[in-house]
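**Q** Residue numbers (numbering that gives the first Met the number 0), protein chains in the order written: chain X, 0 to 229; chain S, 0 to 260; chain F, 0 to 236.
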Amino acid sequence: MTEIDFLADTMRRLLVGVPLTIALAVVSVACGMALAIALAVLRAGSRIAEPLVRAYVFVLRGTPLLLQIFMIYYGLGQFSWVRNSIAWDLLRQPWWCAILALSLNTAAYGSEIVRGGLNSVPSGAVEAARVAGMTALTRYRRIVLPIAMRQALPAYGNEMVIMVKSTSLASIITLMEVTGIAYAIISETYRAIEVFLCAGTIYLVLNFLLTRGIGALERRLNPQLGQAAH
Amino acid sequence: MDDTAIAASAVAVRNLHKRFGDLEVLKGVNLTAATGEVISIIGASGSGKSTLLRCIPLLEVPEQGEVAIAGEVVRLIQHRGRRQPVDAAQVNRLRASLGFVFQSFNLWQHMTVLQNVVEAPIHVQRRPRAEAVAEAEALLEKVGLADKRHVWPAQLSGGQQQRAAIARALAMRPRALLFDEPTSALDPELVGEVLLVIRGLAEEGRTMLIVTHEMAFAAEVSTRTIFLHDGGIEEEGPPSRIFRNPESERCRQFVQRHLNR
Amino acid sequence: MFSSVALLGFGQQGWGDQLLLATLMTLAVSVAAFLAGIGFGILGAWAKLSRAGWAHVAADTYTTVMRGIPDLLVIYLFYFGGSGAVSTLAHLLGAQGFYGINPFMVGTLAVGIVSGAYQTEVLRGAYLAIPTGELEAARAVGMGRMLMLRRITGPRLLHYALPGLGNMWQQVLKESALISVTGLVELMRQVHIGAGSSGQPFVFYLAGFTLYLVLTTASGGFLRLAEAHSARGQRRA
Ligand SMILES: Nc1ncnc2c1ncn2[C@@H]1O[C@H](COP(=O)(O)OP(=O)(O)O)[C@@H](O)[C@H]1O
Ligand SMILES: [Mg+2]
């Protein structure tokens, strides 16, 4: 097989893993973001929840993601009551363990980013909503969160890129996404450099598209900043 | 201006040309400061005063012309399309024989006032620490900052920072002191304390070049005044004439606008 | 509960000494990778700040690639690619078989190169944050390049870079867990081994959580002290 053939063949095999990589990233970013917003709002709004959320963030941000994945995939099974629960149907599947670990992990980092966004909401905007007679829920939904999320978007974009990279750890619990396939090809052929080039290109393209998308979203949400309007 | 005049001078520049991109800022300036002279340099904003002053310690390298410090001409060559010093060691040695005071003080924020003052004497001039510290303390006393010597620059007022910067310049035992608008960054009520220190230095007979917008002060302390316009010396002479009876119409207008403020 | 204590303790059946050694190994490989990262970061920042066009392109490519590709992939590249290169070399010299290369070196280099891409941005930003007037004042008193670097630029750079470098260190500490895939027995690997062979995985992973938290918290405290020291006399922003 010539060099070109090998690269083309490798690329074909790696592309099979792309849907799984994307699925892992999309599902865990979505679940993670919902949890992140909930955590940030809880931390800001409830004196009882505040130390709990802080502890959560402290543990998840202070330990390696790989360890968190292993804890969920291998660690929880130590207990018979876990194995006998309904959740076990999910917890023994690598896919759900990866989704759970990735979501919980990104929620911790994400909640800090959202918290920064919440802190940046001008108090005047909240006042105005209050005198307009909005309930607390409406205020959050219509005023506070939209402002906070716009503020948080650039940093959250970085976190999404990190998540795309992090999905590669799912390969360690047998999921054959792009990095898992790359590992398999390398151990068959020992042609690490070529495989790295192909897999690296795939991740660079994915992240390039992601950053472009976030940039476009930023411009759409802040039309006053771009020249596009008018 | 001949070579013997340069040899006898504290600071001299000859036929100085400096441009930034398409903008020609200095268009052939000649200036000699004899030892003991106090020269005030005035002119509109953008006329090239700072650039002229910064060319003397080679903070800017002129495309044409010469700079001499204490009679020693700085050697410059054309290299890779840029004019630059032949010998960095010569430039550093000559810089260490000048004191430069900036508009924005530029104290080193990670050092206390005293550390700022002794830094160059110890590490550039390699003088004994004890001697440098003793001299620095005397200088801080002189600028009225004896009690602030162990304080960080960020904890000082603008006027205090500028006085510390003057002490730092004096610690070099400079052949000449160069001031670039030393009071322009200060709140009005702090200007007086800095001018008082500079006035004291003039009375000691130090060689000084002062870029300033404080016309009354310039008229009072300087032995010669230079009016810079559009990159050239439009008029120069004793301050008594420049401020009361200038020949150039532009100089008259400029002086009048600023004296009346 | 008692059994867990005995399992993780320092007794004959305990894993305590292995866990302690593994923690030290994590610390060692993280320090090495972090220092390597500073090295790459200095090169990268220097290239991005230099006037040479090719240096910019090289540094931009470096940071874009390393920040867009999974660290795990980079570790595989170094581990298998490095071993492949060494094996080829060995075969050329007449030896046979597969030669692995030192996992400590591989991990240090791989994590260091990735971290270096982030440190490039930290150091570049820190350099640009130094007030230019302070550098100009150093030039005006006649300081040479090396003296200026040692007395002014270096300390000021460190001051502005310290918070960012602190984050980088924490990141390296966590990324170092990935080096376990090369077989280096650092904390992640040791915990995984214990989990597998004891039949009590939860207990071992919990111990892993605790030890990583000790490392990150202790170094976080140390970093705050260093920052406070470096911020002496600086006005709070
Ligand atoms: N480093 C520089 N790069 C580009 N232009 C500069 C630079 N320094 C000064 N200039 C320009 O040169 C002109 C003279 O500046 P300067 O010597 O600072 O004037 P002054 O001190 O008399 O106000 C101004 O138009 C200024 O914008
Ligand atoms: Mg000026």
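From the three backbone atoms N, C-alpha and C, an ideal C-beta is built for every residue, glycine too.
What residues in the stretch 183-200 of chain X have a beta carbon less than 7 Å from any beta carbon of chain F?
**A** Hits within the stretch, in order: 185, 189, 191, 192, 195, 198, 199.
**Q** Am I right that residue 193/X and residue 9/X are in contact with their C-beta atoms under 8 Å? What's the rounded C-beta distance?
**A** That pair is a contact at about 6 Å.
**Q** Within its chain, find whatever has a CB closer than 7 Å to the CB of residue 149/X; leave out the 5 residues flanking it on each side and keep chain order.
**A** Result list for residue 149/X: 220, 221, in chain order.
**Q** Less than 7 Å between C-beta atoms, sequence neighbours within five positions excluded: which residues of the same chain meet that for residue 185/X?
**A** The answer, listed in chain order, is 191, 194.
**Q** Given a threshold of 16 other Cβ atoms within 10 Å of its Cβ, counted over all protein chains shown, does residue 80/X qualify as buried or as exposed?
**A** Residue 80/X comes out exposed.
**Q** Starting from residue 207/S, trace the beta strand (DSSP E) in both directions and tell me its first and last residue.
**A** Looking at the DSSP string, the run of the beta strand (DSSP E) that includes residue 207/S is 207-210.
**Q** Determine the direct distance from the alpha carbon of residue 98/X to that of residue 105/F, and round the result to whole angstroms.
**A** Roughly 29 Å separates the two Cα atoms.
**Q** Quick one: using the 10 Å Cβ neighbour count with 16 as the cut-off for buried, is residue 221/S buried or exposed?
**A** Looking at its Cβ environment, which holds 16 or more other Cβ atoms inside 10 Å, residue 221/S is buried.
**Q** Quick one, which residues of the stretch 75-105 of chain X are near chain F if we go by CB-CB under 8 Å, in chain order?
**A** For the stretch 75-105 of chain X, which is checked against every Cβ of chain F, the residues closer than 8 Å are 75, 76, 77, 78.
**Q** Looking at chain F, is there any beta carbon in it that lies within less than 7 Å of the beta carbon of residue 228/X?
**A** For residue 228/X, the pLDDT reaches just 40, beneath the cut-off of 50, and the residue's location in the model is therefore unreliable, although a value from the coordinates is still provided. No, residue 228/X does not count as interfacial toward chain F.
**Q** With a threshold of 7 Å between beta-carbons, can residue 214/X be considered close to chain F, or not?
**A** Output row for residue 214/X: interface = no.
**Q** Tell me whether the beta-carbon of residue 210/S lies closer than 7 Å to the beta-carbon of residue 48/S.
**A** The answer is yes: Cβ separation under 7 Å.
**Q** Would residue 32/S count as contacting chain F if we go by Cβ distances under 7 Å?
**A** Not closer than 7 Å to any Cβ of chain F, the Cβ of residue 32/S fails to qualify, so no.
**Q** What residues sit near ligand 1, counting only those whose C-beta is closer than 6 Å to one of its heavy atoms, in chain order?
**A** Chain-ordered list of matching residues: 19/S, 22/S, 24/S, 42/S, 44/S, 45/S, 46/S, 47/S, 48/S, 49/S, 50/S.
**Q** Could you tell me how far apart the beta carbons of residue 111/F and residue 182/F are, in whole angstroms, since I believe they sit closer than 8 Å?
**A** That pair is no contact at about 19 Å.
**Q** Step through the CB atoms of chain F and report whether any lies within less than 7 Å of the CB of residue 46/S.
**A** No - not a single Cβ of chain F is within 7 Å of the one on residue 46/S.
**Q** Going by the CB atoms, is the gap between residue 17/S and residue 10/S shorter than 7 Å?
**A** In this structure, residue 17/S does not lie closer than 7 Å to residue 10/S by Cβ.
**Q** Rounded to a whole number of angstroms, what is the C-alpha to C-alpha distance between residue 88/S and residue 143/F?
**A** Those two C-alpha atoms are separated by around 8 Å.
**Q** Out of 120/X, 151/X, 155/X, state which residue places its alpha-carbon closest to the alpha-carbon of residue 138/X.
**A** If we check each option's Cα against that of residue 138/X, 120/X comes out closest.
**Q** Would DSSP call residue 141/X helix, strand or coil?
**A** Three-state result, residue 141/X: helix.
**Q** Suppose you measure from the CA of residue 90/F to the CA of residue 84/F; what does that come to, to the nearest Å?
**A** Each residue's Cα considered, the two are about 10 Å apart.
**Q** Indicate whether residue 115/F and residue 40/F have their beta-carbon atoms separated by less than 7 Å.
**A** Yes, the pair counts as a contact, with Cβ atoms nearer than the cut-off.
**Q** Residues of chain X with a CB under 9 Å from the CB of residue 211/F: which are they?
**A** The answer, in chain order, is 61, 62, 63, 66.
**Q** To the nearest angstrom, how far is it from the Cα of residue 227/X to the Cα of residue 47/F?
**A** Residue confidence is low: residue 227/X scores 45 on pLDDT, short of 50, so the model does not pin down where it sits. Its coordinate-derived value is still stated next. Going by the C-alpha atoms only, they are around 31 Å apart.
**Q** Compute the beta-carbon to beta-carbon distance between residue 50/S and residue 62/S, rounded to the nearest angstrom, for a pair I have assumed lies under 8 Å.
**A** About 12 Å separates the two Cβ atoms, so there is no contact after all.
**Q** Please report the straight-line C-alpha distance between residue 155/F and residue 57/X, rounded to a whole angstrom.
**A** Between residue 155/F and residue 57/X, the C-alpha separation is close to 31 Å.
**Q** What are the boundary residues of the alpha helix (DSSP H) that includes residue 30/F?
**A** Here the alpha helix (DSSP H) through residue 30/F covers 15-48.
**Q** Using a Cβ-Cβ cut-off of less than 9 Å, list which residues of the stretch 142-165 of chain F approach chain X; keep chain order.
**A** Per Cβ criterion, the list is empty.
**Q** Assign residue 254/X to one of three DSSP states: helix, strand, or coil.
**A** Because residue 254/X is not part of the residues shown, which for chain X are 0 to 229, the question remains open.
**Q** In its own chain, which residues sit with a C-beta less than 6 Å from the C-beta of residue 73/F, not counting the 5 before and 5 after it?
**A** Result list for residue 73/F: 109, 113, in chain order.
**Q** Please determine, among 101/S, 174/S, 129/S, the residue with the shortest C-alpha to C-alpha distance to residue 160/S.
**A** Nearest of 101/S, 174/S, 129/S to residue 160/S, Cα basis: 101/S.
**Q** For residue 36/S, which residues of its own chain have a beta-carbon under 7 Å away from its beta-carbon, when the five flanking residues on both sides are left out?
**A** Correct list, in chain order: 206, 222, 223.
**Q** Have a look at residue 9/F and residue 108/X and give me their C-alpha separation to the nearest angstrom.
**A** If you take the alpha carbons of residue 9/F and residue 108/X, they lie about 35 Å apart.
**Q** Closest Cβ-Cβ distance between residue 105/S and chain F: below 7 Å?
**A** Yes, because at least one Cβ of chain F sits closer than 7 Å to the Cβ of residue 105/S.
**Q** Establish whether the CB of residue 203/X and some CB of chain F are separated by less than 7 Å.
**A** With 7 Å as the cut-off, residue 203/X counts as an interface residue toward chain F.
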